[in-house]
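2 protein chains.
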Amino acid sequence: MFQFTTDEIDDLKNGQFLVEVEYISVDPAMRGWISDIENYSEPVPINGTMRSFGVGKIISSKHYDFKVNEYVVGWLGWQKFSVVDESKIKLKINPQKAPLSKNLGVLGLSGITAYAGFINICKPKKNDVVVVTTAAGSVGSAVGQLAKIYGCRTIGLTSSNKKAAICKSKFGYDEVINYKQTNDISSILKKIAPNGIDCFFDNVGGIQFDAVMENLNVKARIVICGTIGMPSFPIPNGPRFNRTLLIKRAKIEGLLVLDYFSEYQKIYNKLLKWYVEGKLVSEEDISDGLENAPASLIKILNGLNLGKQLVKI
Amino acid sequence: MFQFTTDEIDDLKNGQFLVEVEYISVDPAMRGWISDIENYSEPVPINGTMRSFGVGKIISSKHYDFKVNEYVVGWLGWQKFSVVDESKIKLKINPQKAPLSKNLGVLGLSGITAYAGFINICKPKKNDVVVVTTAAGSVGSAVGQLAKIYGCRTIGLTSSNKKAAICKSKFGYDEVINYKQTNDISSILKKIAPNGIDCFFDNVGGIQFDAVMENLNVKARIVICGTIGMPSFPIPNGPRFNRTLLIKRAKIEGLLVLDYFSEYQKIYNKLLKWYVEGKLVSEEDISDGLENAPASLIKILNGLNLGKQLVKI
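Keeping their order, the protein sequence lines are chains A and B. Under our numbering, the first residue of the first sequence is numbered 712, with each subsequent residue one higher. Under our numbering, the first residue of the second sequence is numbered 712, with each subsequent residue one higher.
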């Protein structure tokens, strides 16, 4: 259960600085962070501040390299004021280059995740056929656009006609499937990708995953970035794809963006360049007020957001 | 259905040569080659010669580079005399370096498969914990020994106490599990590999696969080399491991040795060196007479062979 509390701000120690947080991020992965089921990171402790990326302005500092009025992105938590040291910060940003909020979405964890999974793991080639689930989402829409930048053909899976329309008009998908309007995603994929799917960026699992697996091309590369369409526990059953992987010599790999944090600045610079060129656009769904953060989390877990979910503080 | 037939040998055309076949290979993959279920290669045609690797001596030649009395390994088929051109041959061998039969096993497809999957895909590091299914088999036993050469800790899964004993005494496995004597492979693995499994070379699928998946270390690498423990069709159900792959940032990749045929000679040279040094030993299960080839195939599909199954002609 989330509680909204007010505390005194601690005095800064040497090396610390105080950030006034302007936007916080709300992510599907948070489902895992507040659960006691095994995950890649420790659960947020009871009575701890909710873990979250944020962007804000330094308003006080005892750190030589982090000065007042500079803007930073990092693990600021769901709070208005955040006392942090350098270890929590991913990068300084220039607020003139892009709106602050973009640094949490297409230029933030969503964009970095999309790049790490699609470029580093899928290793796309020109004319590859690429399928993306949650195609209109903050990560999915970035993957779709990266795939177009790399000369691929893109197929998006999404949950409504409204999102499908945005996938085409805004994110440049070549084909979009509203998976809620069919019982046979596999046959649709077979029709629009008769030679098979080369890259698959999956945020969902379950029947959408199965449908793509039934249509792989030889040497397909699959990134598992999320499993939002599957229960965490107990592990559900589904088709055993061992033989498919064998026959297609396909590869599946799990992606955790934290593994790519050493490349954050390098990837950010690439994304920023494409953003400035207009090749990487994004939708944002911004709630107002810290007290609305939990409701925003529930909203994205129910798929009711459109684009990167943020809270403006 | 297999038939034993006798035909005239065609006259050699330019570029062809006649090989007197001495040993032919019998492989689990042949189950797929003679089935009409989708596979990585065309099925063997009705009334065609059964596809197979073999080793033999050139007894007549119209090819400048392939001379009478030279020994070759390649796609010779299940037959006593094979008229082939260069495209069917993988390499010439020196019969002084190793017994002829070894060139179809530990120095043949089995060894090349083990090397390609374990070295190229698993990319083993010193002290990695490595699990191998069909650990006493021709591919499995080679993987187990390669893992020891690379300084790994090896755990073999096998189907009998006799095979388990050979795994330890001959192939140097650190731990062996007779999977037929337990209902809970996963708990045994947890005990002997409490920090998790780094590399998994799987020839089987099904419950052995599941047990290993439940005990992966972070950044585990899994090769799917075979699915002999699973029906081909319809695809059976089992646990959906998407979330496991995500949390562990693990990788699964399907292996087909044919994809590594351009490196055949290079890999052969490495295997031969280890063979000569006594670091790569193997068991062979040799039937006598071409007419026994189909029975030998059934034998290995039932797991009743011990080591590389061959037929001496």
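Idealized CB from N, CA, C, for every residue including glycine. All figures in this text were calculated on a predicted structure; none of them were measured in a lab.
The C-beta of A846(A) comes no closer than 8 Å to any C-beta of chain B. In the three-state reduction of the DSSP assignment, L818(B) falls in the coil class, being assigned neither a helical nor a strand state. Chain-ordered listing is empty here: chain B has no CB closer than 7 Å to the CB of G819(A), the nearest sitting near 20 Å. For the segment 728–750 of chain B, the set of positions with a beta-carbon nearer than 7 Å to some beta-carbon of chain A reads E749 and N750 in chain order.
At a cut-off of 8 Å between beta carbons, F911(B) makes no contact with chain A. Among the CB atoms of chain A, one or more fall inside 8 Å of the CB of N948(B). Around S943(B), the beta-carbon contacts reaching into chain A at under 8 Å are R954. Of the candidates A847(B), N906(B) and T893(B), the residue whose Cα lies closest to the Cα of F912(B) is A847(B). Scanning its chain for C-beta atoms nearer than 6 Å, with the 5 sequence neighbours on each side dropped, one finds around I800(B) the residues V783 and G785, in chain order. Pairwise C-beta distances place the segment 883–891 of chain B out of contact with the segment 804–821 of chain B, as fewer than three of them are shorter than 8 Å. Counting C-beta pairs closer than 8 Å gives fewer than three between the segment 747–764 of chain B and the segment 826–841 of chain B, which falls short of the contact rule. When DSSP states are grouped into helix, strand and coil, D921(A) belongs to the helix group.
DSSP places Q1020(A) in the uninterrupted beta strand (DSSP E) bounded by K1019 to K1023.
By the 16-neighbour rule on beta-carbons within 10 angstroms, E733(A) is buried. Residue state for P1005(A) is assigned as helix, using DSSP reduced to three classes. Here W786(B) is bridged, per DSSP, to F764(B).
Taking a C-beta distance under 8 Å as the contact criterion, E731(B) and F792(B) qualify as a contact pair. Taking C-beta separations shorter than 6 Å and ignoring five residues to either side along the sequence, the partners of G822(B) in its chain run A853 and L982, following chain order. Short of 7 Å from the beta carbon of K859(A), and not among the five residues preceding or following it, lie these beta carbons of its own chain, in chain order: T865 and G883. Within the segment 953–991 of chain A, the complete alpha helix (DSSP H) runs of at least 4 residues fall at 953–959 and 975–987. By the C-beta criterion, the segment 914–921 of chain A is judged not to be in contact with the segment 911–930 of chain B, since fewer than 3 inter-stretch pairs fall below 8 Å. Rounded to whole angstroms, the separation of the alpha carbons of S870(A) and E974(B) is 46 Å. From the beta-carbon of R960(A), the residues of chain B found nearer than 8 Å are Y751, E964, G965, L966, L967 and D970. In the DSSP assignment, K801(A) falls within the unbroken beta strand (DSSP E) covering I800 to I804.
Runs of the beta strand (DSSP E) lying entirely within the segment 814–862 of chain B and spanning at least 3 residues, in chain order: 840–843. Under a criterion of Cβ atoms nearer than 8 Å, no residue of chain A is adjacent to T824(B); the nearest Cβ is some 12 Å distant. In the three-state DSSP reduction, E731(B) falls in the strand class (E or B). The count of Cβ pairs closer than 8 Å, one atom from the segment 735–746 of chain A and one from the segment 1004–1014 of chain A, reaches three, so the stretches are in contact. Per DSSP, K778(B) is not a residue of any beta strand (DSSP E), being assigned neither H nor E.
With respect to the C-alpha of V929(A), the residue from W744(A), L1021(A) and N906(A) having the closest C-alpha is N906(A). Taking 8 Å as the threshold, the shortest C-beta distance from I935(B) to chain A falls below it. In the structure shown, S943(A) adopts coil according to DSSP, grouped into three states.
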